[in-house]
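Residue numbers (my numbering): 8 to 339.
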């Protein structure tokens, strides 16, 4: 049984026996493991794909991804993005300041911009190299995350409180680009699309319900209709959002270390695969034996439930190789 077949069984609730599906989020860690720099990883799909496949083969992870940084769509909208050496790409300045900027913002062609096209090419390269045996996760920014990338976090959050017209128009444009970018990756073979909307952990439930929930639903439904599964990733403590996430029909919801897994199971129900949720700092700082024990404890508590083993968020770049291997060993 190949990794994609095991993934389908996980989603369908078919027992995998003692095997536990292992998919840590690897970005800067994968680049360094592959003896390259993060700027190369984020700017060249060939480096990203090679780094992830090398890490998959060494750690025997069960999925590969196209995630790298939040500024793919931002670049397509016209923002200047730079690549500091061995650091996360940087958006030099927000491009949305006024309602006029919002109204004038054009929906980008994701095939015409170098950064979005690079991710699309990455999906194609995975498909060519893995030949459908390993699940491939594409990635798009959620509507609020992308709006914050374009307008700046502080400015956008204030607009949510003060300017519904500004907020709704910009969020709708970000939603449309999320659809376009997701579709392009699905057409190149992605089995699942990750939606990164981590800023949602910083808004209250009423604001989420007012501005974001139905846009999440629309994006998730679109991805399903286009032929892919969905993983919703919101970093941080989303305990207060769980009541509104349980009917979105996301196939996987990532949970950060602040969220109680038992509470999330009760709130989301048995059909949603919950990903997570060991603190990435713990995985970096503890001994390999401690990481093994923590992982075993988590897996024992999740026995019989749909669960994807991962850290609460990205595996940090300075995580010892033996600590990540301890997670893998604990899952077998």
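Glycine residues also receive a C-beta, built at the ideal position from the N, C-alpha and C atoms.
What does the alpha-carbon distance come out to for the pair residue i and residue j?
i           : j           : result
residue 284 : residue 267 : 9 Å
residue 50  : residue 37  : 14 Å
residue 117 : residue 82  : 10 Å
residue 281 : residue 194 : 26 Å
residue 57  : residue 42  : 11 Å
residue 102 : residue 158 : 6 Å
residue 274 : residue 252 : 9 Å
residue 185 : residue 12  : 27 Å
residue 221 : residue 247 : 17 Å
residue 216 : residue 296 : 42 Å
residue 183 : residue 65  : 38 Å
residue 153 : residue 160 : 10 Å
residue 88  : residue 78  : 7 Å
residue 316 : residue 111 : 43 Å
residue 204 : residue 286 : 19 Å
residue 126 : residue 138 : 18 Å
With respect to the alpha helix (DSSP H) encompassing residue i, which residues constitute its N-terminal and C-terminal limits?
i           : result
residue 169 : 160-169
residue 141 : Note, residue 141: premise wrong, no alpha helix (DSSP H); not H, not E.
residue 336 : 328-337
Cutting at 6 Å between CB atoms, please list the residues of its own chain near residue i, excluding the five before and the five after it.
i           : result
residue 106 : 173
residue 33  : 62, 322
residue 337 : 299, 302, 303
With DSSP collapsed to three states, give me the class of residue i.
i           : result
residue 16  : helix
residue 289 : helix
residue 119 : coil
residue 33  : coil
residue 147 : strand
residue 7   : There is no way to answer for residue 7, as the model of the chain reaches only from 8 to 339.
residue 40  : helix
residue 21  : coil
residue 9   : coil
residue 114 : coil
residue 185 : helix
residue 175 : helix
residue 129 : helix
Within the same chain, show all residues whose beta-carbon is closer than 8 Å to that of residue i, passing over the 5 residues directly before and after it, in chain order.
i           : result
residue 312 : 272, 277, 281
residue 227 : 202, 237, 239, 255, 256, 257
residue 9   : 140, 141
residue 94  : 45, 46
residue 279 : 253, 257, 258, 259, 260, 313
Grab the span of the beta strand (DSSP E) containing residue i for me, first residue to last.
i           : result
residue 315 : 314-318
residue 196 : Unbroken run through residue 196: none, as it is neither H nor E.
For chain C, check one thing: does any of its Cβ atoms lie closer than 8 Å to the Cβ of residue i?
i           : result
residue 109 : Looking at the structure shown, chain C is missing, and only one protein chain is on hand.
- request: With a floor of 4 residues, list each alpha helix (DSSP H) that falls wholly inside the region 42-74, ordered by position along the chain.
  value: 45-50, 52-66
- prompt: In chain order, which alpha helix (DSSP H) runs of at least 4 residues are fully inside the region 70-112?
  reply: 79-84, 106-111
message: At 3 residues or longer, what runs of the beta strand (DSSP E) sit wholly inside the region 223-295?
response: 236-240, 259-261, 280-285
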